[in-house]
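Notes to accompany the following structure.
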Amino acid sequence: MSAPLDIEGPTAPPRTNGELLFSEPWESRAFGMVVSLYEAGRFTWPEFRTALVTRIRAWETEPARDEPWHYYRLWLAALEDLLVGQGAVSTDEVTARTRDLAQRPPGHDHRDGHDHMH
């Protein structure tokens with residue numbers, strides 16, 4: 004099973020020459036998390052799409068936006084909304100984990116205690 008991604012419209016992921024476009028590594032990881040959780044049956048694609056549309060509409064209608072449009076930030080926020088709504092994770096857990104990951108040095112995506120001398 005693969006995610007039925009929209010080709011056009013507000014929920015369609017950014018593309019270049021028909022290929023998915025990721026500007027930063029975390030974007031592809033966020034994309035992969037959603038697809039993996041969908042394929043594992045954690046939620047339906049219409050459920051995720053609804054969460055994404057809700058985030059996009061909120062961004063479009065918010066009068067004082069502090070941040071520019073960033074598709075994958077909204078994608079990740081939609082995933083967080085969906086998982087919090089399901090009770091799979093709490094908002095506090097998401098906040099704490101985000102803070103912990105933000106404190107890591109760039110490019111350090113693996114757990115501490117790993118032998119770096121291999």
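Following the working numbering, the numbering of the sequence shown begins with 4 at its first residue and continues without gaps. All C-beta atoms, glycine included, are put in the ideal place defined by N, C-alpha and C. If you're wondering where the values come from, they're calculated on a predicted model, not measured in any experiment.
Item, Value
"Length of the line joining the Cα atoms of Leu-79 and Ala-33", "6 Å"
"DSSP state of Glu-22 mapped onto helix, strand, coil", "strand"
"C-alpha distance - Val-92 paired with Glu-83, whole-angstrom precision", "8 Å"
"Thr-64 versus Ser-39: straight-line alpha-carbon distance, rounded", "30 Å"
"Secondary structure of Ser-93, DSSP reduced to three states", "coil"
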